[in-house]
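Chemist:
Residue numbers (my numbering), protein chains in the order written: chain A, 43 to 343; chain B, 43 to 343.
1. For the structure I just gave you, are there three or more beta carbon pairs, one from the segment 206 to 217 of chain B and one from the segment 150 to 167 of chain B, closer than 8 angstroms?
2. Might you give, ordered along the chain, the residues of its own chain that have their beta carbon closer than 7 angstroms to the beta carbon of residue 172(B), omitting 5 neighbours on each side?
3. Looking at residue 287(B): is its Cβ nearer than 9 angstroms to the Cβ of residue 337(A)?
4. Give me, in chain order, the residues of the same chain whose beta-carbon lies closer than 6 angstroms to that of residue 226(B); leave out the 5 immediate sequence neighbours on both sides.
5. Could you give the first and the last residue of the continuous alpha helix (DSSP H) run that contains residue 154(B)?
6. Are there three or more Cβ pairs, one per stretch, closer than 8 angstroms when the segment 289 to 300 of chain B is compared with the segment 236 to 256 of chain B?
7. Is it true that the CB of residue 53(B) sits closer than 9 angstroms to the CB of residue 95(B)?
8. Residue 330(B) versus chain A: which residues are under 7 angstroms apart at the beta carbon?
9. I'd like to know if residue 256(A) contacts chain B, where contact means its C-beta is closer than 9 angstroms to some C-beta of that chain.
10. Residues in the same chain with beta-carbon distance under 7 angstroms from residue 283(A), minus the five sequence neighbours each way, listed in chain order, please.
11. Restricting to Cα atoms, I'd like to know which of 330(B), 318(B) and 68(B) is closest to residue 55(B).
12. Quick check: the Cα distance between residue 66(A) and residue 274(B), rounded to an integer number of angstroms?
13. Using a Cβ-Cβ cut-off of less than 9 angstroms, give me the residues of the segment 264 to 297 of chain B that come near chain A, in sequence order.
14. Residue 278(B) to residue 310(B), Cα distance in whole Å?
15. Would you identify the three-state DSSP class for residue 81(B), choosing helix, strand or coil?
16. I believe residue 328(A) touches residue 307(B) by the beta-carbon criterion, under 8 angstroms. Please report the beta-carbon distance rounded to the nearest angstrom.
17. Who are the neighbours of residue 335(B) on chain A, taking C-beta pairs under 8 angstroms?
18. Give the secondary structure of residue 306(B) by DSSP, where H, G and I count as helix, E and B as strand, and everything else as coil.
19. In angstroms with no decimal places, state the Cα-to-Cα distance between residue 335(A) and residue 50(B).
20. Less than 9 angstroms between the C-beta atoms of residue 175(B) and residue 107(B), yes or no?
21. Counting only the same chain and skipping the five closest in sequence on each side, list residues whose C-beta sits under 7 angstroms from that of residue 253(B).
22. Give me the chain B residues within the contact set of residue 322(A), using Cβ-Cβ distance strictly less than 7 angstroms, ordered along the chain.
23. Excluding five sequence neighbours on each side, which residues of the same chain lie with their C-beta closer than 8 angstroms to the C-beta of residue 146(A)?
24. Taking just the CA atoms, how far does residue 102(A) sit from residue 76(A)?
25. Using only CA atoms, which one of 47(A), 276(A) and 238(A) lies nearest to residue 265(A)?
26. I need the DSSP call for residue 218(A), collapsed to helix, strand or coil.
27. Tell me the DSSP secondary structure of residue 134(A) in three-state form.
28. Report yes if the C-beta distance between residue 118(A) and residue 229(A) is below 9 angstroms; otherwise report no.
29. What residue does the alpha helix (DSSP H) around residue 253(B) start on, and which one ends it?
30. Tell me whether the beta-carbon of residue 59(B) lies closer than 9 angstroms to the beta-carbon of residue 131(B).
31. When DSSP labels each residue in this structure, what does residue 229(A) get in the three-state scheme?
32. Going by DSSP in three states, residue 198(A) sits in which element: helix, strand or coil?
33. In the DSSP assignment, find the alpha helix (DSSP H) that holds residue 117(A) and state where it starts and stops.
34. Which one of 79(B), 196(B), 99(B) and 242(B) has the shortest CA to CA distance from residue 299(B)?
35. For residue 260(B), write down the residues that DSSP places opposite it in a beta bridge.
36. For the alpha helix (DSSP H) that residue 168(B) lies in, which residues bound it at each end?
Written out as structure tokens, the structure reads:
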């Protein structure tokens with residue numbers, strides 16, 4: 043990944059989590075390609091779904107993603123697909139995330155270009171979602187996916203659900219796909235010194251956006267039965283606007299009302315370096331700190 | 043710098059900070075070389091000295107450093123060198139710092155190999171210092187350099203100052219050089235809400251190693267006259283053992299005795315990513331956090 047100037051991350055979700063041959067066929071286009079690096083892929087048999095994490099230079103990433111979408115169309119038939127996770131297409135959703143030297147505007151333009159080419163190449167109807175959405179109702183994936191594959195043949199005929207790209211009918215075996223740009227998502231959980239799920243739920247309500255809390259925070263209470271405690275489990279959907287430390291400190295403040303302490307917290311999966319640098323800078327009161335001062339970012343720039 | 047498996051940093055100090063042609067000759071071996079990246083070089087006319095910061099794969103870095111040492115020997119005559127900074131050789135000191143996939147043991151072995159080759163190639167006496175030192179008295183560069191270039195011709199004849207490598211007499215124009223491995227150094231300053239330099243000095247005494255404080259912390263009080271405040275200015279010589287947040291919190295605790303608050307802090311120059319990740323992990327109470335979870339470190343691994 044040397045000399046990578048612009049880097050975009052892609053986390054496509056495919057509706058195949060059981061058949062090893064099919065899984066390998068879908069992942070193959072991300073392997074050993076110039077300018078593309080496969081970071082991870084996780085399959086879930088119950089969900090019958092696979093989540094791939096890949097980074098790359100825009101042009102190379104586009105080629106690989108479109109190729110993988112073609113493989114998914116080849117091996118998946120949504121008419122026989124079963125799984126617990128909501129889904130509407132063989133390639134269910136393709137989010138693009140700007141990582142390095144790429145603005146959100148560029149990532150949006152890039153996602154639309156990928157959507158155009160994929161729609162044309164595979165006669166696939168595509169909805170643009172998140173930051174790429176043309177209509178507010180399409181920002182939220184759950185709105186688009188409501189009714190799932192089985193309901194899409196009818197839903198797509200409604201004027202308000204005309205696809206942004208591709209034919210105005212579902213692909214007979216591959217359904218529909220959502221493509222869009224979004225910020226990196228940080229899965230961040232704060233553990234409470236309590237086994238009372240109601241406290242975790244109450245705090246989650248106070249700090250999450252939907253019920254009056256932080257703008258880029260989704261949250262629920264969760265029981266960790268093996269540890270005999272509860273946690274506030276969050277998705278921070280834009281850490282540059284809703285900082286990790288702000289969510290953490292706010293939970294600490296809310297927990298006081300219940301006489302409950304914070305035990306610790308955890309980051310699930312990957313986190314951009316900047317999210318934790320910002321946290322360190324806050325607590326140390328760092329003046330004039332720049333990401334350029336991080337040795338590794340100088341080495342790899 | 044793709045596919046760089048092992049990375050070592052080198053911060054050689056050369057006794058030339060005035061003549062632009064000479065400076066360029068010494069820096070040239072670090073430019074445009076495979077497996078080597080020149081991050082920075084700073085010259086100081088008063089000190090008549092240059093500090094280069096370069097990273098690279100061990101083999102390529104070794105070649106470049108030895109070549110630069112040869113250039114320094116060619117263009118510098120210590121018999122006519124003047125400058126405020128203590129110095130003993132054309133290439134004064136060459137520290138190697140393990141950065142990625144390199145243990146301290148490997149960095150020590152590497153530094154000794156560079157010293158061997160340079161000593162032989164240039165008939166240059168070399169002292170091994172810091173972690174590479176064979177004798178405790180040679181761990182500290184100040185001990186080795188005491189007497190400076192002018193005193194070295196005599197000093198080197200003493201049995202306790204027999205060089206570790208090379209001839210038992212100074213190089214007639216290039217003097218002697220110290221080479222060794224050390225941890226990355228973090229220059230970290232904490233600003234106090236006070237203009238009383240005695241308070242900063244008192245706190246520095248309490249937190250620095252030499253007078254009873256933290257093992258890998260050097261510190262002094264400094265006046266920032268333009269800002270009308272004082273700071274505790276530190277060098278943290280091993281952030282993996284003496285964490286940034288520990289120095290910060292300890293200064294905060296000591297400042298209470300004087301009724302003084304911390305205004306903020308600053309990192310001067312480069313800092314390894316891990317030093318700030320560790321800080322974030324401390325304040326958020328992160329459980330089971332691994333550097334592998336940092337997106338960028340996965341991209342560049």
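Every residue, glycine too, gets a C-beta built ideally from N, C-alpha and C.
Modeler: The relevant details are as follows:
1. yes
2. 137, 181, 222, 223 and 224
3. no
4. 139 and 314
5. 146 to 164
6. yes
7. yes
8. 308
9. no
10. 257 and 258
11. 68(B)
12. 57 angstroms
13. 286, 287 and 290
14. 11 angstroms
15. strand
16. 6 angstroms
17. 309, 311, 312 and 313
18. strand
19. 17 angstroms
20. no
21. 247
22. 318, 321 and 322
23. 140, 173, 223 and 225
24. 7 angstroms
25. 238(A)
26. coil
27. strand
28. no
29. That residue, residue 253(B), is in no alpha helix (DSSP H); it is neither H nor E in DSSP.
30. no
31. strand
32. coil
33. 100 to 117
34. 242(B)
35. 277(B)
36. Taken as a continuous stretch (DSSP letters only), residue 168(B) belongs to no alpha helix (DSSP H), being part of the beta strand (DSSP E) at 168 to 172.
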